[in-house]
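Heads up: take any position in the sequence shown, counting from 1, add 13, and you land on this note's numbering.
Note sheet for the following structure.
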Amino acid sequence: MQKEAESEKRCRGRPQIRSDEETKDLILDVADDQFRKAGYAAASISMIAQTAGVSTKTLYRLFPAKADLFSSVISKKIKNYILALDTEGAADTPLQESLEKLLISYGRLTLSGETIAMTRLVLSESDRFPEIATIFYEQAIRKTSKAIENWLTKRISSGQIELDDPGAATGMLRGMMAMEPQRAVMLGQLANIPDGEIISRAQTCAKLFLQGCKKREL
14 MQKEAESEKR
24 CRGRPQIRSD
34 EETKDLILDV
44 ADDQFRKAGY
54 AAASISMIAQ
64 TAGVSTKTLY
74 RLFPAKADLF
84 SSVISKKIKN
94 YILALDTEGA
104 ADTPLQESLE
114 KLLISYGRLT
124 LSGETIAMTR
134 LVLSESDRFP
144 EIATIFYEQA
154 IRKTSKAIEN
164 WLTKRISSGQ
174 IELDDPGAAT
184 GMLRGMMAME
194 PQRAVMLGQL
204 ANIPDGEIIS
214 RAQTCAKLFL
224 QGCKKREL
């Protein structure tokens, strides 16, 4: 009886093994930090594995190449953004409020220090590693553009706005929201963009945009 109790105690005290998904998330957090600090070329797979507390064998099983790891880092960031849009862009939200929320989410993603650092990395190393430019374009730019274009298309279908080309309008809306402040940070003219400024800019951009495409009452 005593042996059984001791065995049960040892089992209860034994740490649980992480799932692959938990291990992936841990690796991606470490890889994100490594890529931003060291750059793509200099980021060490063995160092990422060591910092994450996993073997390189485990890391390569989950992410067969460095490009796969980079792609998953970008994809994780964009996934969180898309989920925020699904929550905040509900069909019953008033038009301007809904667009403001969409642009705030987009601004918080695009103008964050982490995203700007990753953008710098891609621009500086894409000549040597064109695959990271492709990954960034497909995972970050196209996916966020698609989310915004889907919002516009739904509002066109509901008769709230009028647009001939929602794809082109998406690019204009993105640029109006993020281009100037992002460049200011990337060129060292600003240290960061406070959240209050992102919110204020989103409200202004939403108002200006809707003044141009909101359906007019007959």
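Don't be surprised by glycine CBs; every beta carbon is placed ideally from N, CA and C.
What is the DSSP secondary structure of residue i, counted as helix, strand or coil?
i: I206; result: coil
i: I61; result: helix
i: T100; result: Any reading at T100 must be qualified, since the residue scores a pLDDT of 49, below 50, and its modelled position is unreliable; no value is offered.
i: I174; result: strand
With distances taken from CA atoms, which of the options is nearest residue i?
i: G52; options: G225, K79, R31; result: K79
i: L124; options: A204, A219, R31; result: A204
i: I145; options: S158, Q47, M131; result: M131
i: F222; options: E127, P179, D46, F142; result: P179
i: I91; options: A44, S213, Y150; result: Y150
i: V43; options: S59, K114, Q216; result: S59
i: E162; options: F142, L72, M185, T36; result: M185
i: R187; options: I154, S213, L136; result: I154
i: A215; options: D45, T36, Y119, Q173; result: Y119
Hey, residue i and residue j: beta-carbon distance below 8 Å or not?
i: I117; j: K156; result: no
i: M199; j: R133; result: yes
i: K220; j: Q63; result: no
i: F48; j: A56; result: yes
Which two residues bound the contiguous alpha helix (DSSP H) that contains residue i?
i: F76; result: Run containing F76: none; DSSP gives neither H nor E here.
i: L112; result: 108-123
i: S158; result: 156-170
i: E35; result: 33-51
i: R133; result: 126-138
With a 10 Å radius around its C-beta and 16 neighbouring C-beta atoms as the bar for buried, classify residue i as buried or exposed.
i: I206; result: buried
i: D177; result: exposed
i: T100; result: Reliability of the predicted coordinates at T100 is poor, the pLDDT of 49 falling under 50, and no value is obtained from them.
i: E113; result: buried
i: R168; result: buried
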